[in-house]
Structures are given as C-alpha cells and as structure tokens.
Amino acid sequence: MTKNIMIVGVGGQGSLLASKLLGHLLLTEGYDVKVSEVHGMSQRGGSVVTYVRFGEKVYSPVIDKGQADFIVSFEKLEAARYMEYLKKGGRIVVNTQEIDPMPVITGAAVYPENLIEKMEAAGATVDAMDCLTLAEQAGSSKAVNIVLMGRLSKYFDIPVEKWQQAIRECVPPKFVELNLKAFELGRGE
Amino acid sequence: MKELMLGNKALARGLYEAGCSVVSSYPGTPSTEVTEEAAKYDEIYCEWAPNEKVAMEVAFGASLAGKRSFCGMKHVGLNVAADPLFTCSYTGVNAGMVICVADDAGMHSSQNEQDSRHHAIASKVPMLEPADSAEALEFAKKAFELSEQFDTPVIIKMCTRIAHSQSVVETGSRVVPEPKPYEKNIAKYVMMPGNAIRRHPIVEERTRKLTEYAENCVFNRVEMGGTKLGIITSSTSYQYAKEVFGDSASILKLGMVNPLPVKLILDFAAKVEKLVVIEELDPIIEDHCRRLGLAVSGKDVLPVCGEFFPNVIAEKLGVPVPEHAALGEALPGRPPVMCAGCPHRGLFYTLSKNKCTVLGDIGCYTLGAVAPLSAMEMTLCMGASVSAIHGFNKALGAESEGKTVAVIGDSTFMHSGMTGLANIAYNQSNSTVIILDNSITGMTGHQQNPTTGYNIKGDPAGKIDLESLCRAMGFNRVVVVDPYDLAACDKAVKEELAASEPSVIISRRPCALLKYVKHNPPLHVDPDKCVGCKSCMRLGCPAISVKNKKAVIDSTQCVGCGVCEQLCKFGAL
Chain A
394 MTKNIMIVGV GGQGSLLASK LLGHLLLTEG YDVKVSEVHG MSQRGGSVVT
444 YVRFGEKVYS PVIDKGQADF IVSFEKLEAA RYMEYLKKGG RIVVNTQEID
494 PMPVITGAAV YPENLIEKME AAGATVDAMD CLTLAEQAGS SKAVNIVLMG
544 RLSKYFDIPV EKWQQAIREC VPPKFVELNL KAFELGRGE
Chain B
691 MKELMLGNKA LARGLYEAGC SVVSSYPGTP STEVTEEAAK YDEIYCEWAP
741 NEKVAMEVAF GASLAGKRSF CGMKHVGLNV AADPLFTCSY TGVNAGMVIC
791 VADDAGMHSS QNEQDSRHHA IASKVPMLEP ADSAEALEFA KKAFELSEQF
841 DTPVIIKMCT RIAHSQSVVE TGSRVVPEPK PYEKNIAKYV MMPGNAIRRH
891 PIVEERTRKL TEYAENCVFN RVEMGGTKLG IITSSTSYQY AKEVFGDSAS
941 ILKLGMVNPL PVKLILDFAA KVEKLVVIEE LDPIIEDHCR RLGLAVSGKD
991 VLPVCGEFFP NVIAEKLGVP VPEHAALGEA LPGRPPVMCA GCPHRGLFYT
1041 LSKNKCTVLG DIGCYTLGAV APLSAMEMTL CMGASVSAIH GFNKALGAES
1091 EGKTVAVIGD STFMHSGMTG LANIAYNQSN STVIILDNSI TGMTGHQQNP
1141 TTGYNIKGDP AGKIDLESLC RAMGFNRVVV VDPYDLAACD KAVKEELAAS
1191 EPSVIISRRP CALLKYVKHN PPLHVDPDKC VGCKSCMRLG CPAISVKNKK
1241 AVIDSTQCVG CGVCEQLCKF GAL
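Heads up: the protein sequence lines correspond to chains A and B, in order. So the first sequence is numbered by my numbering: it starts at 394 and just counts up by one. So the second sequence is numbered by my numbering: it starts at 691 and just counts up by one.
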C-alpha cells in the first residue's frame, strides 16, 4: 500500500532538507520512493509543496486531493490551504508559525483566525506545535524542518535510531548535533 | 547502487555514462539542473551559452568535430533554437547529438504551455519521452546510439513532473566511444539549396526507417491487463494511468513519441474493447490514431489546458475519486513576491511613482507587475521588451517617448536583448531601455552569464562590459544607478525620459540572495514615531507589515537594504 506525505510551506522555509531526509530514510528501509517538488517562480516567497510517496511500487510522482496520509506544514495558513489533499483519517502535523502573504501585507485580505480549530471541525486530526521556538532552543530558527520531522517520526514504525542515522547522513557534519537536538525536541520524548 | 535521483540529475548521469564530451545550454525552468549536474563531472566540458540558439549550434559543432554533445533548454528555448534544429535535421550528425527540452504543462514557471512534440514533428527529428528518473538516465544513453545509428539529432522531452521528481535509479560507469574523425563533407554539411535539396529526401527516408524502428524498439512497450479498456500514453500520464487503473486496463506506453509507430498501435487497438489516449496538452497521439482509422477517445473528455493529476484522469474516465474534507472558506492566496532586499524593488517603485508605461521581460523582475508595484504592462518572451518599446515609440512618437521604458535583466539582455538594442541604435527611436543588472541569472536559481565574469563552474571567465557595449552600439547616454538609492533612480529616470535621444539606464546591484552579498542588520520601526501612514507599504516588501496601525518589520526576512527608510517622512525606520 502506497503511503503519501505532503510537505507544504512558504518558499525558502527549508522543505528541501525535510524531503531529502525522508527520501533517504525510506529508501534505506527498502521502499520504492518518489519525491516531487517544484522549482522556479513559485519559490519566491510563494506557496510551495513537496510530495513524498513510498510503498512497494510507486507510480504517480504527485499526490492528489483526498490521498495524503500526512500533511506536514511549515506554516498554519499553508496547512489549511492544502487540507483538502488529506485522506479521510489522515493527520496534519503543523508548525503554528504565521507568515503573512502579500494580500495580507497590503491589507487586501486578513490572516484567517482559529485555523487549527477550523481544520479539526472539518474532520482533520491536527497535531500543532510551535516549531520555531523549539528550533531556536535547538540552536537555529532554520531547524524548523527537522523539528517537524521529529514530530512526524512518532507516527512511523521506524526505530528512532534509523531517523537519527538518516540525519547524520543528510546534513553537513557541523550541523548534525543541532539537528539531532531539533529532532529530539520535535519528537518530544 | 540504488539511489534517489532527480529526473534532471539522472539525465545528466546518462550523459556522463554515454561518454558525452561537450554540453552547452541556456538555463530555463524546468531544464536547468541537467546542465548544472553535468557540470559536476570533470570529464564533460560544460558551459552556459548566451541563448539556446547558440547552445544548439555549439553542440552541433562538437558533434561535427566527432565528440558526443548535448544542449538543454526549456520549451520556449526550443523556439529560439528552432533555426539550427530544423536544418541540423537535414545535415545529420557526426558523433551523437542529443537535445533536451523540458515542457512546463501547468506553467509553474513559464509564459506559455506549448507542447514541444510539435517541434519534433515539424523538424522531423526523433523524440524520446522518459516517465521517471531511471528512464531519463537510460534514454539519455540510448539517445546517443539512436543519433549515431540514424544520423540525426535526438530530442529528449522532459516535463516539470519528471524533471523535478526524484525516483530510484541504478548508475553505471562511463564509457567513452571512439571519437569519429572529422571529415570534410560539403554535400552533407553545407546547406545551400543545391545540397539541401538532396538532403531532404534523405530526411524523409530516415523518418520512414525510424517509424519501422518504433514498431519494435526498447522505448515502447505493451503492458497487458484487463482488455475492456486500452490506454495509449507516455511520460507522467503513464504514471497517473497506472495509479488510477492498475492492472484493470491494458497500456501501450510510448517512450518514443516521434515518429509514432503504426502497426504497434493497430495491434494494440485490436486487443482491447475501448481505446483511450491519455496525453497532456495537445492531442498528438490521438490525432495519429484517428489517421489510422481508429475509434479513440482523448481530448473529448480530458483537458487540453494545464497539467494532469490522477484525480482528473479518474474523474473524466469514470473512476471514483477519494472523498476529501474542505475548510469551506476562501483563504488569502500566497503568490510569489520579490524577495526582501531585492534590488529590483527600488527601481520599480521609481517607475510606479513616475507613472511610466513599462514594457517588461522574462525574469524575477516580471514580479514588478504584481501589486502594489503593478509597474509592468507587457511581458512576452526573452528580449521582447527592447524590441517592443521601439515599435511602441515608432507608433506613438512623442506621445509615448517621454514616459515609456523597457526593463530587461542582464542575462535576458545577453540572451536576446542586444539585437533589439541594435535596432533602436540603427533605426533611431527615442527609447529608454533599463538593464536590471543583478549580476546573475536569478529566477532559474543563480546561473552565471556573459556579464558576470564567471563560468558555469564559478571560475573566472570573460566579462562583457555593459556600458562599453551600449556605447559601442552608438548610445551617447548610458547611466548607471544603484537601485537602493531612490533619489538617484528618480533623477536618472526623469532625465533619460526627457532626453531627446535614445538612452540606457543600468540599474546595478547584485541579487540579495547571492552568497557573497553582505547584508546590513535588519531595520526596526520606532512605534512612537510611526504614524501608520503606510508609505513604506507601497514597496510591497514581504518583510514589512502593519499590525495595530503601526508598521512592523520581520527581522528574519529584512536584509537592511534601507529603501523603506528613504520613504518614511517621520524617521520611524
């Protein structure tokens, strides 16, 4: 059975490392894996999405509406935007950080309130946490991605050591300790 | 060893393993990484050419000399390179020559979503279309063999979802074929009428042989499943079809999309009850089937516009799609924006303030068209700003000359802005051209170009001096401004628009995302001084917002460019 993870956020937030880590880990676990992202124009502060799919044999590189087992979101509004991709019974893991999009900055729109509650009311299981604070605790605001991976790891039947090993293999040596700390804080054990 | 690899990187690996020696390309999403990855192999000579036409001609020259060669580009780049393409179809090659074109159905980062298969058909050149990274690697290797076997350039067509998705590949080692000695052959390589007339029938005969080859080649395969439905497809559409139908339908997967087989399709059609073609964009395989007299479904149900997704195919072909929850409220969009500290912002603010008519071009600065700057009124293709302002001013004369400008980036100017500028110098329109020189090719992710002084590997290279170039063309008025200095921008724009001869303004400051660019500390708003006038908001800077009627600066985004500071009359920044 193919499992689907969507990683969503704002261009420049570092989803690339998160998908690299997942891809590396899942391949090591013996799965067929596809990781799909979009480069170019949309990266300039726009809404960005990465698809990670794994299973015995993966065909489509993208995930469609109603198919995601997990949505991992770097930002609250982006979690809400992609909620319709969630499978019935799927889970949203979301960083509670708010980043104003241009229509909000210019005053043409307002940043919606109570998004977590609204997503839950619409039937999603939501695991929300302030990843930015935890990342700063680990030593860098840029580690939000690994904090989120730490939280996501709780829902997988893969030993924690394997995740830690994947981090060692995917990040530059001088950032390994910082990222292992971020992972631990995200996992919350 | 098995590893996850981006489609574009896998294609580059294929070039390496096939012993490709020369690569020349122009960057363009979603094709750029093929050449960036190829440049990591020391065994391959790689370069960024000024444009796709040059790149293809470089690759042709290397092939002529006897070494396997490659050029890569996006779909619209192949329009620029169409001229050499159509005629090197006639000359054929010496060593193998492979061209990659990457289409962008869905227009993630493009100005149109043309279907490049039309170019392959029109130029009578074979085209391969991989459906994942493993095929990208394999097809790249086989494309060189095909090129040499049939004496033709070969096109590999990628698309955004294949180019930018990672899937599992197994790599092999590099095998460099014996160079093919260069031999003088005027009848084959000098395409003047007397020779070209003799080459055309050879091209037609080649297409006939390639069609025969397509009937039974490694690129096309039948996967028999249920026979109620038969699907002919390629590329990502194949993956979506497998996802939606699994083994319940039979599939003819085409890896070679030009020329298309005849017997293979007829035999497949005879084995299934209903035939559907699933292909993105134009109905090329479908029309081919109709010409073979087959009853076939395709664009009567599936969309021509945009890229496919699994649910679109399921829905249109009567397969239930999964239920999904929705929030039930409209959310504010998050369009791409110019980065905080982008050097283009100050210049566009100036153009907006002076109510200029701005004819734009292709690059990050196309975002100058977005609110609140809204300072761009035309974007067509690479270089069009410089040519179009000449036509605009010739049409309207003094009415437009004093308020119209063309804006073009440094890389786009090198690509095809220079010829437009030559036209202004030659045919004398009183036009004002602004070159936005951010010392890099920005939108595609920081590639070097002829004005930066560095080559694809980051080593020092030749550097074209924009001021000298413009002066040599005959422009007397060439001014350079720093776009962070709003007063200087305003003065330059006003003066050059008022001048009675053509002029060039070079707005020069490196892209704020370049690693070597040093930033000032972030600015802060003094809430006691801020009166909430929102003057700073007119810049459309993503680092500035208004909370509780006071401006607030996001210190994680602000790079301290100080442009907003120049707009604040109350010294609050």
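Glycine residues also receive a C-beta, built at the ideal position from the N, C-alpha and C atoms.
Limits of the alpha helix (DSSP H) - the one that residue i falls within
| i | result |
| --- | --- |
| alanine 472 of chain A | 469–474 |
| leucine 694 of chain B | Here leucine 694 of chain B belongs to no alpha helix (DSSP H); instead the beta strand (DSSP E) covers 692–696. |
| lysine 1043 of chain B | 1034–1043 |
| tyrosine 780 of chain B | 772–781 |
| glutamine 1247 of chain B | Neither: glutamine 1247 of chain B is in no alpha helix (DSSP H) and is coded neither H nor E. |
| glycine 1110 of chain B | 1108–1117 |
Proximity winner among the options, relative to residue i (alpha-carbon distances)
| i | options | result |
| --- | --- | --- |
| proline 496 of chain A | B/Tyr1116, B/Pro1026 and B/Leu775 | B/Pro1026 |
| valine 426 of chain A | B/Glu733, B/Lys692, B/Gly709 and B/Cys736 | B/Lys692 |
| leucine 827 of chain B | B/Gly709, B/Asn885 and B/Cys1046 | B/Gly709 |
| valine 455 of chain A | A/Val465, A/Lys535 and A/Tyr444 | A/Tyr444 |
| asparagine 769 of chain B | B/Asp793, B/Cys1220 and B/Leu1021 | B/Asp793 |
| alanine 749 of chain B | B/Ala771, B/Phe1103 and B/Val966 | B/Ala771 |
| glycine 1018 of chain B | A/Val519, A/Pro505 and A/Gly448 | A/Pro505 |
| phenylalanine 1260 of chain B | B/Asp1244, B/Cys1251 and B/Lys1240 | B/Lys1240 |
| cysteine 1251 of chain B | B/Ser1225, B/His1214 and B/Lys1224 | B/His1214 |
| leucine 1111 of chain B | B/Gly1143, B/Val865, B/Gly1073 and B/Gln801 | B/Gly1073 |
| alanine 755 of chain B | B/Gly697, B/Tyr872, B/Thr850 and B/Asp977 | B/Tyr872 |
| proline 1211 of chain B | B/Asp1244, B/Phe840, B/Arg1024 and B/Leu1070 | B/Asp1244 |
| valine 844 of chain B | B/His809, B/Ile876 and B/Lys878 | B/His809 |
| glycine 448 of chain A | A/Gly439, A/Phe463, A/Glu468 and A/Tyr424 | A/Tyr424 |
| histidine 1105 of chain B | B/Ala739, B/Leu694 and B/Glu1185 | B/Ala739 |
| proline 993 of chain B | B/Val858, B/Glu1005 and B/Ala1178 | B/Glu1005 |
| tyrosine 478 of chain A | B/Pro717, B/Ala1016 and B/Pro1217 | B/Ala1016 |
| glycine 751 of chain B | B/Asp1172, B/Val880 and B/Ser1090 | B/Val880 |
Beta-carbon separation (whole angstroms), residue i vs residue j, contact threshold 8 Å
| i | j | result |
| --- | --- | --- |
| alanine 785 of chain B | arginine 807 of chain B | About 26 Å separates the two Cβ atoms, so there is no contact after all. |
| aspartate 1051 of chain B | glycine 1099 of chain B | 7 Å |
| glutamate 997 of chain B | glutamate 970 of chain B | 6 Å |
| glycine 1093 of chain B | threonine 1047 of chain B | Strictly speaking, residue 1093 of chain B in this sequence is lysine, with glycine absent from that position. So it is a contact: roughly 6 Å between Cβ atoms. |
| lysine 943 of chain B | arginine 911 of chain B | 5 Å |
Inter-residue spacing [alpha-carbon to alpha-carbon] between residue i and residue j
| i | j | result |
| --- | --- | --- |
| proline 566 of chain A | threonine 489 of chain A | 29 Å |
| threonine 777 of chain B | serine 813 of chain B | 8 Å |
| aspartate 1180 of chain B | valine 1123 of chain B | 15 Å |
| asparagine 397 of chain A | cysteine 1258 of chain B | 49 Å |
| cysteine 1032 of chain B | alanine 1202 of chain B | 6 Å |
| leucine 415 of chain A | threonine 725 of chain B | 26 Å |
| asparagine 902 of chain B | proline 949 of chain B | Here residue 902 of chain B is glutamate; the residue named in the question, asparagine, does not match the sequence. Rounded to the nearest angstrom, the two C-alpha atoms are 9 Å apart. |
| lysine 764 of chain B | proline 869 of chain B | 29 Å |
| methionine 1068 of chain B | serine 1075 of chain B | 8 Å |
| glutamate 554 of chain A | serine 546 of chain A | 11 Å |
| leucine 410 of chain A | threonine 1109 of chain B | 42 Å |
| glutamate 707 of chain B | serine 927 of chain B | 28 Å |
| valine 569 of chain A | leucine 419 of chain A | 19 Å |
| serine 533 of chain A | proline 1200 of chain B | 27 Å |
| valine 1009 of chain B | aspartate 805 of chain B | 27 Å |
| valine 791 of chain B | phenylalanine 834 of chain B | 15 Å |
| cysteine 1220 of chain B | cysteine 1226 of chain B | 11 Å |
| asparagine 1117 of chain B | lysine 1045 of chain B | 27 Å |
Residue range of the beta strand (DSSP E) that includes residue i
| i | result |
| --- | --- |
| methionine 763 of chain B | 759–764 |
| valine 947 of chain B | 946–948 |
| asparagine 397 of chain A | 396–403 |
| valine 713 of chain B | 712–715 |
| threonine 1056 of chain B | Careful: threonine 1056 of chain B lies outside any beta strand (DSSP E) and carries neither H nor E. |
Beta-carbon gap between residue i and residue j smaller than 9 Å
| i | j | result |
| --- | --- | --- |
| cysteine 563 of chain A | lysine 458 of chain A | no |
| methionine 476 of chain A | methionine 512 of chain A | yes |
| alanine 700 of chain B | serine 823 of chain B | yes |
| histidine 1296 of chain B | glutamate 430 of chain A | What the structure shows of chain B is the stretch from 691 to 1263, and residue 1296 of chain B is not part of that stretch, so it cannot be assessed. |
| methionine 946 of chain B | leucine 775 of chain B | no |
| leucine 394 of chain A | valine 465 of chain A | Leucine is not the amino acid found at residue 394 of chain A; the sequence shown has methionine there. No, the Cβ-Cβ distance between methionine 394 of chain A and valine 465 of chain A is not below 9 Å. |
| alanine 821 of chain B | alanine 702 of chain B | no |
| threonine 518 of chain A | arginine 474 of chain A | no |
| isoleucine 941 of chain B | isoleucine 955 of chain B | no |
| leucine 1049 of chain B | alanine 1096 of chain B | yes |
| serine 753 of chain B | valine 783 of chain B | yes |
Any non-hydrogen atom of the ligand ADP closer than 8 Å to residue i Cβ
| i | result |
| --- | --- |
| alanine 1115 of chain B | The ligand ADP is absent from the structure shown, which contains no ligands of any kind. |
Output, in sequence order along the chain, the residues in the region 839–867 of chain B whose CB is closer than 9 Å to any CB in chain C.
Among the protein chains in the structure shown, which are A and B, there is no chain C.
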